[in-house]
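In mature numbering (1 follows the signal peptide of the UniProt record, and there is no 0), the protein residues as written are -22 to -1, 1 to 719.
No residue lacks a Cβ here, since even glycine has one placed at the ideal position from N, Cα and C.
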């Protein structure tokens, strides 16, 4: 009996040990079959105060090590502008670095993975050989949300190629004054365009399921990343466009102009929102509890996490960092969840810990912040796949992405002037000419055409910025072989576009007499702003740099010329207009300069529309569409169109409909060798169809289009359109071709 008892006790002890060991291995928060909220609750009940506060900290990679991640339980790392492993780091080197930091996080008691963030504001712009897309101002000129969505998807794949899973994009500021140094980061002065361009979030994160609750973050796969809507809120409306300044506007103005993009982003499931350095009516946004907690988290029901901007906690006082305890207390109480420290993380952790332990900040505020951060991490799939996926390495600078960027450049170009009258247009240019002159500081310079936030925070001039690419200072070109590099300057794009017999002469700053004496067929002048970002771009004058003005005059005073402006905003151009035969706003097109040549030489037509008002003088600013005494040089939405040189005329035939039908329905058969690229071209087709109609179709429908362009691809010869009761014509369906006389 005694022996049996001993055996039984031994068996029970062994059973308990095995059970405990099994329990140690199974953790609810690591079970992907459970709902995310259950996983969050399970993990948070296990977390200590220092583990929770660690999750609220984001540090720069310059101070990060696996040991720092482990010892301080850091929740996030970022690469600030120019913070890279080294200037020409490969995707594999990036990926190895990120995984090294992640292994430090996974070695902590609870193994909570970190999330790595980076500014990818026009492609993966910090990374060597990445595809650099046009900046947002150019994308706003396209009026094409579907294009922007595709750009978001391509950007996500390039970011994933380097092992990164979080981007500080999109910027959905509504720039109301182009003197602001961040105006090129804004899609438009019009909040409706900005709101529609939040479609990029669906590209970055994936399309949110229709049955999702509003405000809950969503990330749709391993090829997607967490997005960040920024900068909340009103950063584009500061006085005189001064960066990080005060936005003076009533609540109605704030909500109607600067807020719509955020509501749209939250509906799309954006994972994070970054707060602005700026103030609203004198109150720092990083201290604004009413807007961050009550409105963003409350009224808009945002359930992702709110992140500060770079060192924004320090900048809440003047001098900077003058009262750090006050800044941490005020910022966290306002509703900040993650703090972009980025360097003095020990001071921040000690300060916040002291404020919580001394009950200045309640524990439920810390729990709210951590719950939001964990929600995003679980939704991203970090707990299941914390280490980077090497299968995306070949996506960086992928040719398909470069082709997409080239398409975006084409659609972003705005034609402001084309000859002295419509009967004698300068554009499109002939590809076959005896000799053409290309001039200007931006014609053969990838850095200049990419602008700020390219490899470095401020960007930089030159052709070694985005790839190994040698600049040519004086050149006579007869193109024999294609140029091979990650990125193409506008000059190289021109060289590839023209007929092989055409001689191209490139002089960056030609003298007056040189141009006059060389019998050029015509000139292409490419000038504009130097690269800049943020406060360094604040500018009260907005004139073309002096050397650019000299070049423009020397060329255009002597020969027929096209001026291509490379800039992050409208510039003062009125004094030069008389000399210029054609004027193109190319914004900051990125690495694919061929897109400019595609349209200059008529392979594609101009279709872009001004996303902002083009002023006559800087003294008129701020001036936005709808203002009293609105007197622009070119109004918001302006943009001349051209058809591709290879396009033929169209034919159309009306489709009879019953008299009882309320709305007009027409069938158009479009015979084009090139694409119909703009709503204006489609509108013209509709007008002529109505004028020629002998059917019962209503001809009184007011043909209007929203900001979207209609891009109809080759091989779609029959399009059925219908009008609704607002008078807007919409594509109803596309059918097979049909025949008629």
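**Item:** For residue 321, the first and last residue of its enclosing alpha helix (DSSP H)
**Value:** Unbroken run through residue 321: none, as it is neither H nor E.
**Message:** Rounding to the nearest angstrom, what Cα-Cα distance links residue 523 and residue 255 in this structure?
**Reply:** 29 angstroms
**Asked** Using 8 angstroms as the Cβ pair cut-off and three pairs as the minimum, do the segment 363 to 375 and the segment 545 to 557 touch?
**Response** no
**Request:** Consult DSSP for residue 510 and reduce its assignment to one of helix, strand or coil.
**Result:** coil
**Item:** Alpha carbon of residue 195 to alpha carbon of residue 519, nearest angstrom
**Value:** Taking the straight line from one Cα to the other gives about 42 angstroms.
**Message:** Could you compute how far the alpha carbon of residue 140 sits from the alpha carbon of residue 62?
**Reply:** 11 angstroms
**Asked** Counting Cβ pairs closer than 8 angstroms, one from the segment 171 to 178 and one from the segment 255 to 267, do we hit at least three?
**Response** no
**Request:** Give every residue of the same chain whose Cβ lies closer than 7 angstroms to the Cβ of residue 108, excluding the five residues on either side of it in the sequence, and list them in chain order.
**Result:** 101, 102, 136, 374, 375
**Request:** Just confirm the distance between the C-beta atoms of residue 154 and residue 600, as a whole number of angstroms; I'd bet it's less than 8 angstroms.
**Result:** 6 angstroms
**Residue ranges of each alpha helix (DSSP H) within the segment 510 to 551, 4 or longer** = Within the segment 510 to 551, the complete alpha helix (DSSP H) runs of at least 4 residues are 524 to 534.
**Request:** Per DSSP, which residues does residue 257 bridge with? Please list them.
**Result:** 224, 262
**Prompt:** Whose C-alpha, out of 6, 27, 26, is nearest the C-alpha of residue 19?
**Reply:** 6
**Prompt:** So, using beta-carbon positions, are residue 583 and residue 621 closer together than 7 angstroms?
**Reply:** yes
**Message:** Out of 410, 111, 212, 471, which one is the CA nearest neighbour of residue 430?
**Reply:** 111
**Asked** Buried or exposed: where does residue 13 fall if 16 or more other Cβ atoms within 10 Å of its Cβ makes it buried?
**Response** exposed
**Request:** For the segment 500 to 516 and the segment 606 to 613, state whether three or more C-beta atom pairs, one from each stretch, are separated by less than 8 angstroms.
**Result:** no
**Message:** Could you check whether the Cβ of residue 416 sits closer than 7 angstroms to any Cβ belonging to chain D?
**Reply:** Any reference to chain D falls outside this structure, which holds one protein chain only.
**Asked** Taking contact to mean at least 3 C-beta pairs separated by less than 8 angstroms, is the segment 87 to 99 in contact with the segment 402 to 412?
**Response** Inter-segment contact for the segment 87 to 99 and the segment 402 to 412 is absent: fewer than three beta-carbon pairs are separated by less than 8 angstroms.
**Request:** Answer with buried or exposed for residue 163, where buried requires no fewer than 16 other C-beta atoms within 10 angstroms of its C-beta.
**Result:** buried
**Request:** Using beta-carbon positions only, say whether residue 573 and residue 293 come within less than 7 angstroms of one another.
**Result:** no
**Asked** Can you tell me whether DSSP reads residue 120 as helix, strand or coil?
**Response** Assigned with DSSP and collapsed to three states, residue 120 falls in helix.
**Message:** Considering Cα atoms alone, identify which of 531, 592, 43, 483 is closest to residue 416.
**Reply:** 483
**Message:** DSSP three-state label for residue 153, please.
**Reply:** coil
**Strand pairing of residue 377, partner residues [DSSP]** = Looking at the DSSP assignment, residue 377 forms no beta bridge with any residue, so it has no partner.
**Request:** Give every residue of the same chain whose Cβ lies closer than 6 angstroms to the Cβ of residue 333, excluding the five residues on either side of it in the sequence, and list them in chain order.
**Result:** 307, 339
**Message:** For residue 252, list the residues DSSP reports as bridge partners.
**Reply:** 208, 285
**Request:** Go ahead and pull the three-state DSSP assignment for residue 573.
**Result:** helix
**Prompt:** With DSSP run on the structure shown, which of helix, strand or coil describes residue 369?
**Reply:** If DSSP states are grouped into helix, strand and coil, residue 369 belongs with the helices.
**Inter-residue spacing [alpha-carbon to alpha-carbon] between residue 37 and residue 352** = Approximately 17 angstroms between the Cα atoms of the pair.
**Prompt:** Are the Cβ atoms of residue 487 and residue 529 separated by less than 7 angstroms?
**Reply:** yes
**Asked** With 16 as the cutoff for other CB atoms within 10 Å, does residue 377 come out buried or exposed?
**Response** exposed
**Message:** So if DSSP puts residue 38 in a beta bridge, which residue, or which two residues, is it bridged to?
**Reply:** 56
**Burial state of residue 434 (16 or more Cβ within 10 Å)** = buried
**Prompt:** Hey, quick one: how far does the alpha helix (DSSP H) through residue 564 stretch, first residue to last?
**Reply:** Taken as a continuous stretch (DSSP letters only), residue 564 belongs to no alpha helix (DSSP H), being part of the beta strand (DSSP E) at 560 to 565.
**Asked** If you follow the beta strand (DSSP E) that residue 393 is part of, which residue opens it and which one closes it?
**Response** 392 to 396
**Request:** Can you grab the Cα-Cα spacing for the pair residue 80 / residue 47, in whole Å?
**Result:** When rounded, the distance between both Cα atoms is 8 angstroms.
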